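Using the working numbering, the first residue of the sequence shown is number 3, and each one after it goes up by one. We put the CB at the ideal spot given by N, CA and C, even for glycine. Note that the structure is a prediction, hence the values are computed from the model and not measured. Structure record follows, encoded as structure tokens.
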Amino acid sequence: MGKSKEDNNDAKEIKVASVNNEAMVIMEELSKKYTEETGTKVTFTILSENEIRSKITQDVGLGGGEYDLVTLGTSDMGTYLDNSWTEALEPMFNKLSDEEKEKYDLDDIFKSVKTSCSSEKNGLAALPFYSESTMICYNKEIFEQKGLTMPENPTWDDIYDLAVKCDDKGKGVAGIAIRGLAGYGENQYIFGSIMNAFGGQYYDMDWNATYDTPEVREAWGFYKKLLEVAEDGPTTCGYTECLNLFAQGKAAIYYDATVSAGTFAKDDSAVKGKVGYAPAPTAKKENTGTIGGWGIGITAASKNKDAAFDFLRWATSKEYVKLVQEEKGFQSTPSGTRISTYENQEYLEACDFAATTRIAIETADALHPAIGDTPYTGNSLPNLPEYSSWGETIASELASYISGQKNLDACISTCQDVIDSAAEEGGYRD
């Protein structure tokens, strides 16, 4: 990890395809230090979430070999490995010396996170760059002005009622900032957790689609109602847009990834020191937090696998965490991955969201996403190779329903059919 120039002559350049989240932009900047140390240049292609998912799927799925490393969401990591699009990492770790293994310290990664980065059949598929669950953030200043209190463990009805009371579009403040932009990793990441909370699920244990149910319909209706007190033009707002709205003080409540809290605590945030935190809201289901985030995998078509593995370990190491803290401050620390981060007293003192994040990460249960038994794992994003396709259909139908272009019956019918067809065509049924 971070080999010297003399020891790392097998590759002079490795290429990375990455989502444009802030943590990855920092990684691109700090990779120059890796280059100084090893002589290996690291070139990045950084695009928005929907764009990079599509580009990675096209290149890696077809074995194009344009990239050595790619950022993958939790629903993709195991799938890519099972399809032989990326490299299994456990054999690569097994080749390391005892000293190298001890330095990286795989056991320092939260168990739930390691599971989310793995395939049930083929083991570790990617290393976590940052991991996240979901939680509520709220503007304490706005709540105090309106005499409101956030419950310690809010329900979705609580959140809606509070958002209604805070919604003041005339003053440029939305009741809640919540994703509405279509995308299987955009609105579906958030809505999937709402659907689970309301008692919905995608399949029963015989792989029959269970989307056209009262529970799922109730979740759709609630989501549309909630977006009426959300930001203007919600179907154009994804993770980045909602993050910026809340950071600018233009939304009273924010429901999204725990990793967002670091942005709100920075000096350039309008809500620094004004943010309160609460667990993911409940409804029929109690534990509704997701386990998500971004990991990095090595492409099967890479011609520079050893160099890629060296950079991958560097970028997800304890030493990298320390480097980010020194260069960018504790609020920019890649969150949710390493136990040691949450045992660092300086980090805990600098980041008041750390304890809430750790609880959310450790209690998220990706193996039991719904109230009923499911044949699949994965919280908001099921760990199924077909999901990237039918998840996009649901995302699009959701956006059409929210914008009033289609009615609920038509949208639910389309979703039920595409989910059911995926199980049939995928050979999941006996």
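> With 16 as the cutoff for other CB atoms within 10 Å, does residue 357 come out buried or exposed?
Replying inline: exposed
> Thinking just about the alpha-carbon of each residue, which of 329, 354, 364 and 320 is nearest to the one in residue 343?
Replying inline: 320
>> Quick check on this structure: which residue in 139, 58 and 104 has the alpha carbon closest to the alpha carbon of residue 1?
In response: Residue numbering for the chain in the displayed model covers 3 to 432; residue 1 lies beyond these limits and cannot be assessed.
>> Spatial neighbours of residue 130 within its chain, please: C-beta separation below 7 angstroms, excluding the five flanking residues on both sides.
In response: 111, 115, 119, 295, 297, 318 and 339
> Rounded to the nearest angstrom, how far is the Cβ of residue 248 from that of residue 179, given a contact under 8 angstroms?
Replying inline: Yes, they are in contact, since the Cβ atoms of residue 248 and residue 179 sit about 5 angstroms apart, within 8 angstroms.
> Can you name the residues that DSSP bridges to residue 137?
Replying inline: 258 and 281
>> Suppose contacts are defined by Cβ-Cβ distances below 8 angstroms. Is residue 225 in contact with residue 212 by that definition?
In response: no
>> For a test of the three-state rule: what should DSSP assign to residue 8, helix, strand or coil?
In response: Model confidence at residue 8 stands at a pLDDT of 48, short of 50, so the residue's coordinates are unreliable; what they give is reported in the following sentence. Here residue 8 sits in helix by DSSP.
> From residue 288 to residue 308, what distance separates their C-alpha atoms?
Replying inline: If you take the alpha carbons of residue 288 and residue 308, they lie about 44 angstroms apart.
>> Cutting at 8 angstroms between CB atoms, please list the residues of its own chain near residue 403, excluding the five before and the five after it.
In response: 222, 226, 409, 410 and 413
> Which same chain residues, not among the five before or five after residue 197, have their C-beta less than 7 angstroms away from its C-beta?
Replying inline: Apart from the 5 residues on each side of it in sequence, residue 197 sits with its Cβ closer than 7 angstroms to the Cβ of 218 and 221 in its chain, given in chain order.
>> I need the DSSP call for residue 223, collapsed to helix, strand or coil.
In response: helix
> Going by C-alpha distance, which of 330, 290 and 157 is nearest residue 370?
Replying inline: Relative to residue 370, the option among 330, 290 and 157 whose CA is nearest is 290.
>> I need the straight-line Cα distance from residue 416 to residue 315, nearest angstrom please.
In response: So the two alpha carbons sit approximately 43 angstroms from each other.
> If you drop the 5 nearest sequence neighbours on each side, which residues of the same chain put their C-beta closer than 7 angstroms to that of residue 322?
Replying inline: 316
>> Please return the same chain residues whose Cβ sits closer than 7 angstroms to the Cβ of residue 310, not counting the five positions on each side in sequence.
In response: 16, 70, 71, 300 and 304
>> On the DSSP letters alone, give me the boundaries of the beta strand (DSSP E) that residue 15 sits inside.
In response: 15-21 is the extent of the beta strand (DSSP E) around residue 15.
> Apart from the five residues on each side of it in sequence, which residues of its chain come closer than 6 angstroms, Cβ to Cβ, to residue 329?
Replying inline: none
> Span of the alpha helix (DSSP H) holding residue 248?
Replying inline: Segment 241-249, the alpha helix (DSSP H) holding residue 248.
>> For a test of the three-state rule: what should DSSP assign to residue 126, helix, strand or coil?
In response: Three-state DSSP puts residue 126 in a strand.
> Is the segment 172-192 touching the segment 251-258 in the sense that three or more CB pairs, one from each, lie closer than 8 angstroms?
Replying inline: As far as the Cβ criterion goes, the segment 251-258 touches the segment 172-192, which means the pair count is three or higher.
> So what's residue 43 in DSSP terms, helix, strand or just coil?
Replying inline: strand
>> Within 8 angstroms, do at least three Cβ pairs link the segment 43-58 to the segment 156-163?
In response: no
> Taking C-beta to C-beta, are residue 137 and residue 236 nearer than 8 angstroms?
Replying inline: no
> Can you tell which of 28, 186 and 161 has its C-alpha closest to the C-alpha of residue 400?
Replying inline: 186
>> Please identify the residue among 161, 51 and 352 whose C-alpha is closest to the C-alpha of residue 241.
In response: Scanning 161, 51 and 352 for the CA closest to the CA of residue 241 turns up 51.
> Taking the C-alpha atoms as reference points, what is the distance between residue 8 and residue 26?
Replying inline: In this predicted model, residue 8 has a pLDDT of only 48, less than 50, meaning its place in the structure is not dependable; the value taken from the coordinates is given anyway. When rounded, the distance between both Cα atoms is 28 angstroms.
> Exposed or buried, which one is residue 207 when buried takes at least 16 other CB atoms within 10 Å?
Replying inline: Exposed, since its Cβ has fewer than 16 Cβ neighbours within 10 Å.
>> Judging by CA-CA distance, which residue of 234, 384 and 209 is the nearest neighbour of residue 423?
In response: 209
> Hey, how far is the Cα of residue 11 from the Cα of residue 88?
Replying inline: Since pLDDT at residue 11 reaches only 45, below the 50 mark, its modelled position is unreliable, and the value read off the structure follows with that caveat. Going from the Cα of residue 11 to the Cα of residue 88 covers about 23 angstroms.
> According to DSSP, what are the bridge partners of residue 209?
Replying inline: In the DSSP output, where bridge partners are listed per residue, residue 209 has none listed.
> Relative to the alpha-carbon of residue 391, which residue among 407, 421 and 405 has its alpha-carbon at the smallest distance?
Replying inline: 421
> Starting from residue 72 and walking both ways along the beta strand (DSSP E), at which residues does that stretch end?
Replying inline: 71-75
> What do you reckon, are the CB atoms on residue 385 and residue 293 nearer than 8 angstroms?
Replying inline: no
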